[in-house]
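Colleague: I'd like to ask some things about the structure below.
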Amino acid sequence: MDVFNKLRNAVSSALPGIPLNKDFEIQNQVASGGPGLVWKIFSAIKKTTKQEASVFVFEKKYLEKYPKKDRDVITETLKKGISQLTRLRHPRILSIVHPLEESRETLAFATEPVFASLANVLGNHDNMPSPVPKEIEEFKLFEVEIKHGLLQITEGLGFLHRDAKLMHNNICQESIIINKYGTWKLAGFDCCIPNANKQDQSAPLYPFCEWDPEVPPLIQPHLDYLAPEYALTMACSEASDMFSLGVLVHAIYNNGKPLYECRTQLSLFRKYAEELRKFRSSLLGNVPEGLQQYVKLLLNTEPSVRPDPDQLSKIEFFEDVGTMTLQYMDSLFQKDNLQKSQFFKGLPKIIPILPKRVNLQRILPALIKECVNADMIPFVLPNLLLMAEQSSDKEYTSTILPHLIPLFRVKEPIQVLLIFMQNMNLLLKKTPQSDVRNHILPMIHQALEADNPQLQEMCLKVVPTFADLIEFTALKNSIVPRIKKICLSTSTLSVRTNCLLCLGKLLDYMDKWTVLDDILPLLPQIPTREPAVLMSMLGIYQVTLTSSKLGITKEIMATKVLPFIIPLAIDNNLNLSQFNAYMTTIKDMLSRLESEHRTKLEQIDQMKQEQKYVWLFMYFADLV
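The structure is reproduced here in structure tokens:
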């Protein structure tokens, strides 16, 4: 905690001019984003709600390298972009949680929790702390993340073009933010163009704004991603955004490098725009085959040829099971309980084929949200436990266990406890001892005490399978007393039988005195004499008879055990084979009793003989 406070104080002192300090606990810088990656992105906690957030900070000292006439223009353009972002509300648009505030030193605003910009994860670490955070330095996008991310950006563009009547005009790596849960979000609206046609039913009209070499590139569309019509026909449209998306696809599959690098030189841009008229398919060699033909269409110099967002989102490339699963998760809040339950039933087949990080980052949060609905927990829980099995102990303890702990206390529906009982080996193997003691053992107690024979039977069957993971004191003082109580009080034959079978299997984990004091005295108290009960009792006696650790003394055998089980052997409920089993055990006990007592008597007799010889020797010695 001291280290955390020092880090927080260091960050706050390094950023004295952030007006959001009063509302957020600003922590370490995690990423950079926006045009030219000029926005530093810090993790943060909202002070009033303790919710996670991210704070974007633009330091005005960055402007010192620009002529004075450009500084205000840059600042106003950045402010305009954030103002536009704040007005847009859509799942594919970066969500603002605190509007832009300005101080003498900075601009700052807060958003949903952010992981990084797409530019960061593709290797552009400009304006990042040194050293670059390890989680970003080593980050590699999985194919399913790329597919789903591109689909999300396509949907975001669909919203802008269809509903917001807005042209983004700067789709590039820096404008795409990946949030904490791996969702790709549109941002970077500094260069956006609103529809100039005010008639609702008319086709949108986007005023063309020529790229100006005299204006800082920072506040103009990224030349490497700009559509060729900006040079060829001096026009722009929604299709211009789709061209930029095509360049983005190429960059993602080519280590972050766009199709052409213009280095902010308009002459190079015009040259490459002409070259695109004779586009070479070989330039798309690294793009997956199922996507190449569509990227080629997106990069066509004729805007009308390019697919629109709706058309692009329906291509076969996005129809693999992983991408469709993630897409369904995004719309889960729109589904009813029946649809959700059917989806969750099939999810265990999908989780193993998805990368672990995707499961933990994308699937897990959605499942956790569903746990507020008690009816959904039995369908969600098997998936949570499957992820727990996949995860490392550290990932389980930090990411999954905190969300399982509240579920350990759930009593209804009863299937929740049943599922936990079926997966108890996994829970005990993964969970730290302190949490086993504080959370899992109380759940086992709850299952044993439940007024549900099915649950009690399940619990009694699984307890022996993880007995080696239960501390001896917990077994002796918590588990065994509850099993004894159920055994004596239940009116269900199968429960009583399973109590005895469970105790028989637990004998190996007990010491001799626990068996003598707690287990053997229980058997004569059992109120019923069904064959299953009698044979289960016999099993306990057989284990104690043959175990070298628990061996019954001949005194207890003669005075307690044999007087009790001999009458049981002739119980009218037993058949011939059961009677034979009893008689075999009784004979074994009698044989052992006879052998041990004969050995003892022989030893005593031998000692008497030896003592007699000693006396005779001493007598004759005195005579001499």
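Using my numbering, read the sequence shown as starting at 107 and increasing by one per residue. Where a beta carbon is used, it is the ideal one built from N, C-alpha and C, also for glycine.
Between the alpha carbons of T705 and G657, how many angstroms are there, rounded?
Modeller: Rounded to the nearest angstrom, the two C-alpha atoms are 17 angstroms apart.
Colleague: Run through DSSP, which three-state label would W721 get?
Modeller: W721: helix per DSSP, three-state reduction.
Colleague: Identify, in the order they occur along the chain, each residue of the same chain with its Cβ nearer than 7 angstroms to the Cβ of E495, setting aside the five sequence neighbours on each side.
Modeller: L532.
Colleague: Enumerate, from N- to C-terminal direction, the unbroken alpha helix (DSSP H) stretches of 4 or more residues contained entirely within the region 594-623.
Modeller: Those alpha helix (DSSP H) runs which fall completely within the region 594-623 and span 4+ residues are 599-612.
Colleague: Would you check if the distance between the CB atom of L263 and the CB atom of L351 is smaller than 8 angstroms?
Modeller: Yes.
Colleague: For M713, count neighbouring C-beta atoms within 10 Å of its own C-beta (all shown protein chains included) and say buried if the count is 16 or more, exposed if not.
Modeller: M713 is exposed by the Cβ-count criterion.
Colleague: When you compare only the Cα positions, how much space is there between V161 and K475?
Modeller: So the alpha carbons of these two residues sit roughly 24 angstroms apart.
Colleague: Work out the CA separation of L507 and M616 for me, nearest whole Å.
Modeller: Near 30 angstroms, if we compare the C-alpha coordinates of L507 and M616.
Colleague: Could you check where the beta strand (DSSP E) with P205 kicks off and where it finishes?
Modeller: Looking at the DSSP string, the run of the beta strand (DSSP E) that includes P205 is I202 to E208.
Colleague: Drop a sphere of 10 angstroms on the beta-carbon of A309, count the other beta-carbons inside from all chains shown, and report buried for 16 or more, exposed for fewer.
Modeller: Flag for A309 reads exposed.
Colleague: Taking all protein chains shown into account, do 16 or more other C-beta atoms lie within 10 angstroms of the C-beta of S138, making it buried, or fewer, making it exposed?
Modeller: By the neighbour-count rule (16 or more Cβ atoms within 10 Å), S138 is buried.
Colleague: Check this for me: beta carbons of P484 and Q521, under 8 angstroms apart or not?
Modeller: Going by C-beta atoms, P484 is nearer than 8 angstroms to Q521.
Colleague: Suppose contacts are defined by Cβ-Cβ distances below 8 angstroms. Is L629 in contact with M643 by that definition?
Modeller: Yes; because the gap between Cβ atoms is below 8 angstroms, this pair is in contact.
Colleague: So who's on the other strand from S138, going by DSSP bridges?
Modeller: BP columns for S138 point to K146.
Colleague: For V522, does the three-state DSSP call read helix, strand or coil?
Modeller: Note: V522 maps to helix in three-state DSSP.
Colleague: List the endpoints of the continuous alpha helix (DSSP H) containing A225.
Modeller: Where A225 is concerned, the enclosing alpha helix (DSSP H) stretches over L224 to V227.
Colleague: Whole alpha helix (DSSP H) runs in the region 312-347 with 4 or more residues, listed along the chain?
Modeller: Entirely contained in the region 312-347, the alpha helix (DSSP H) runs reaching 4 residues are, in chain order, 335-338.
Colleague: Give the secondary structure of L680 by DSSP, where H, G and I count as helix, E and B as strand, and everything else as coil.
Modeller: In the structure shown, L680 sits in coil (DSSP, three-state: anything other than H, G, I, E or B).
Colleague: For D269, count the other beta carbons within 10 Å of its own beta carbon; 16 or more makes it buried, fewer makes it exposed. Which is it?
Modeller: Classification for D269: exposed.
Colleague: Of the choices S654, I671, E661 and A664, whose alpha-carbon is the least far from that of G645?
Modeller: Minimum Cα distance to G645 is reached at I671.
Colleague: Are there three or more Cβ pairs, one per stretch, closer than 8 angstroms when the region 360-379 is compared with the region 416-435?
Modeller: Result no; under three Cβ-Cβ pairs closer than 8 angstroms.
Colleague: Rounded to whole angstroms, what's the CA-CA distance from N226 to D296? Just pull it up for me.
Modeller: Cα-Cα distance, rounded: 19 angstroms.
Colleague: Quick check on the burial criterion: 16 or more other C-beta atoms within 10 angstroms. Buried or exposed for A222?
Modeller: So A222 counts as buried.
Colleague: Looking only at its chain, what residues have a beta carbon closer than 7 angstroms to the beta carbon of P205, apart from the 5 residues adjacent to it on each side?
Modeller: Around P205: T192 and F215.
Colleague: Confirm, please, whether the CB-CB distance from A553 to L599 is below 8 angstroms.
Modeller: No.
Colleague: Alpha carbon to alpha carbon, how far is L247 from A302? Give it in angstroms, no decimals.
Modeller: Each residue's alpha carbon lies about 38 angstroms from the other.
Colleague: Within 8 angstroms (strictly less), CB to CB, does K455 reach chain B?
Modeller: Any reference to chain B falls outside this structure, which holds one protein chain only.
Colleague: Leaving out five residues before and five after S119 in sequence, what residues of the same chain have Cβ atoms less than 7 angstroms from its Cβ?
Modeller: Low confidence applies here, because S119 scores a pLDDT of 45, under 50, leaving its location unreliable and the question unanswered by this model.
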